[in-house]
Every structure is written in structure tokens, then in C-alpha cells.
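Worksheet: one structure, shown below.
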Amino acid sequence: EGYSSNNLSNSFQYTYKRSEIALPVELQQFLFKLQNFTMKNIGLIILFAIFMIILAIAGFILYIIADGGLIGSVKNIDYGEENSLRKGFKIGSHYFWRMLGKNLLIALIVILIVLFLIFSFSIIYFLTPISQNKQYLPENVGIILFFIILFFILMIPLMVFLGILNDYSSRFIVIKNNGIIESIKNSFKLIFRNFKHTAIIALVLFTTRIIIGIISFIIFIIIGIPAALICFLLYKSGAIAFMIFVAILAMLFLILISTFINGIRQTFSSSVWTLTFLQLNKPEIHK
């Protein structure tokens, strides 16, 4: 039988009876309180969700403009040309649609590769005799784990390559004024023509990313653990609304810090790729 506590909603009791899985009483009480809070504040939650979606779209647009503007600004500095924030924004805005199209095309390539691998592995798995017999559960789990590991082994180098392809394509668009397809084709050629130099730069930037990731994780722990403790104490005292407010505030603060740190890393990384691109294409650019 399910729990008979009056604090639990009928839906939780019904789910418990149907599934015959005993959830901890405290967890069920928390879910019940959360359900009540959600129903009472559904309007505010929807408004907050819409606000976050708009913020995400605006952030994505500004990211593309900033990416193009930073590439153009680094090029201007390297050439000793006039440079300003306004000029950088103008460059980023000018190449916005091509940069957006290139990003979407490369994202589509990634999705197609992922779907192809999943489909291929699924076909291979279901063609194996073991998959047809449910008595071989350990063997099935082993095969699935093998395919998951193989998937990541294949995807990691592919993602690194596509990331570099994306970086070079952005520079062909902004610096060489290429079209979307042309920029990707030229990036392929540049990578294979200068594979050694590209690999070294990628390794250096990867190491930098790991170091910054460790720093970000430490900051997350320093802020996250006290915030989680405060939220737990607020929950125990029954202040669910205030607990959610503190959780959202902590989350936004962590996002702000993460954005700042990643902004510095992205600026450094973008500048390195732009200077590398200029060096590798120097004879061609100054024609």
C-alpha cells in the first residue's frame, strides 16, 4: 500500500501504488510542496521561462556579432588599422547572416553525424543474435556499453575537427569575405595544408580550456555548496518560495561568473585563432 500521509497528493499516492516503488516520504512531501507552489505561481513561472528564452536568443545573436567583431578587430590591430568598439560591432553586424548560416550548417552536420552513428550502431546491435535473446542481459549491457564508448571515441576527434573547421570558416568569412560554402571548403584546405601548426594551436587552447574549467569548477563548489545548504535549511523550515528564490539567485550568479570567465577564455581563444589564420594566409591576404 502507498503512504497515507495527508501531506501527499493523490497523484503521488496513485503513482506509488501503480509502480510499487517506495519513494522516501521527505521526497514525496517536497514534490507535493513544489507541485502546490507551481500551481499557485504558474503565471510567474511562464513569464520567467519566456524571459529566459528571449535572453538566450538575444545572447546567441550578440555572441555571433561579437565573434565577427572580435575577428575583425584583431585583424585591424595586426594590420595597424584604426580600431574601436563601434567599428568592431559594425563588422560583426555586417557578417551576421553569413556567420549565422555557417554556424547552423555546421550544427546540422554535427546532428547528421550523430544520427548516422546512432542509426548504424542500432542496426548492428539488433542484427546480433544476443540482442534477440533477453536471457543474455549481461552480454546486451556489455554490447551497449561498447557502442557508447565507441561513439565517444569517434565523436571526440570529429568534434575537435569540426570546431577548428568552424573557427577557420568564421575567419574566411570576416577576413576573406567568403560565402558560407566557400569558407568551409577553404577551411578544409587550410587545415590539411597546415595540419601540424593547427594541431599545436588546438592542443595549447585545449590545455587552457582545461585549466579554466578547473578554476570554474572550484568557484562553482565555493558558491554552490553554501547555496545548497541554505536551500536545504529553507526547505526544512517550510519556506519553499524563498528557497526557490535563493536557488534561482545562486544559479543566475553562477551563470554570470561563468559567462565572465568564458568570455575571457573565448576572447583569448578567438584572438589566437585569428592571429594563426593571418600568419598561415599572410602571402594570400596581402595580395
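With the numbering used here, you'll find the sequence shown wraps up at 581, consecutive numbering, no jumps. By construction, the Cβ of each residue, glycine as well, lies at the ideal position given by its N, Cα and C atoms. These figures come from a predicted structure and were not determined experimentally.
Could you check the C-alpha separation between residue i and residue j for me, to the nearest Å?
| i | j | result |
| --- | --- | --- |
| SER564 | PHE446 | 26 Å |
| PHE441 | SER387 | 43 Å |
| LEU574 | ILE405 | 30 Å |
| LYS384 | LEU338 | 37 Å |
| ILE348 | PHE554 | 20 Å |
| ILE504 | LYS334 | 43 Å |
| ALA350 | PRO423 | 47 Å |
| TYR389 | LEU364 | 12 Å |
| LEU497 | PHE420 | 38 Å |
| TYR310 | GLN322 | In this prediction, TYR310 scores a pLDDT of 45, lower than 50, which makes its location untrustworthy; no coordinate-derived value is stated. |
| LYS490 | ARG559 | 23 Å |
| LYS483 | LEU356 | 29 Å |
| ILE542 | ARG487 | 48 Å |
| VAL540 | ALA352 | 25 Å |
| MET537 | LEU527 | 9 Å |
Check this for me: beta carbons of residue i and residue j, under 9 Å apart or not?
| i | j | result |
| --- | --- | --- |
| ILE495 | TRP567 | yes |
| ASN397 | ILE359 | no |
| ILE583 | GLY366 | Nothing about residue 583 can be read from this structure; the chain reaches only from 295 to 581. |
| SER464 | ASP361 | yes |
| ALA521 | PHE331 | no |
| LYS381 | LEU572 | no |
| ILE551 | ILE506 | no |
| GLY457 | LYS327 | no |
| LEU459 | ILE485 | yes |
| LEU548 | ILE508 | no |
| PHE455 | THR502 | no |
Can you check which of these residues, the options, is closest to residue i by C-alpha distance?
| i | options | result |
| --- | --- | --- |
| ALA493 | LEU421, MET346, THR570, THR422 | THR570 |
| ALA401 | LEU452, VAL540, ASN335 | LEU452 |
| PHE415 | LEU550, ILE443, TYR389 | ILE443 |
| ILE450 | LEU411, LEU356, ALA541, PHE539 | LEU411 |
| PHE354 | ARG487, CYS525, MET393 | MET393 |
Classify residue i: buried if its beta carbon has 16 or more other beta carbons within 10 angstroms, exposed otherwise.
| i | result |
| --- | --- |
| TYR462 | buried |
| TYR373 | exposed |
| PHE466 | buried |
| SER477 | buried |
| MET346 | exposed |
| ASN472 | buried |
| LEU499 | buried |
| VAL319 | exposed |
| MET545 | exposed |
| VAL468 | buried |
Between residue i and chain D, is the shortest Cβ-Cβ distance under 9 Å, so that the two count as touching?
| i | result |
| --- | --- |
| ILE505 | Structure shown: chain D not included; a single protein chain is present. |
What do you reckon, is the C-beta of residue i under 8 Å from a heavy atom of the ligand FAD?
| i | result |
| --- | --- |
| PHE324 | The model on display carries no ligand, and the ligand FAD is accordingly not part of it. |
Those runs of the alpha helix (DSSP H) which lie wholly inside the segment 497-579 and span at least 4 residues: 534-574, 576-579
In chain order, which continuous runs of the alpha helix (DSSP H) of length 4 or greater are located wholly inside the segment 369-416? 379-388
Fully enclosed by the segment 458-491, which alpha helix (DSSP H) runs are 4 residues long or longer? 474-487
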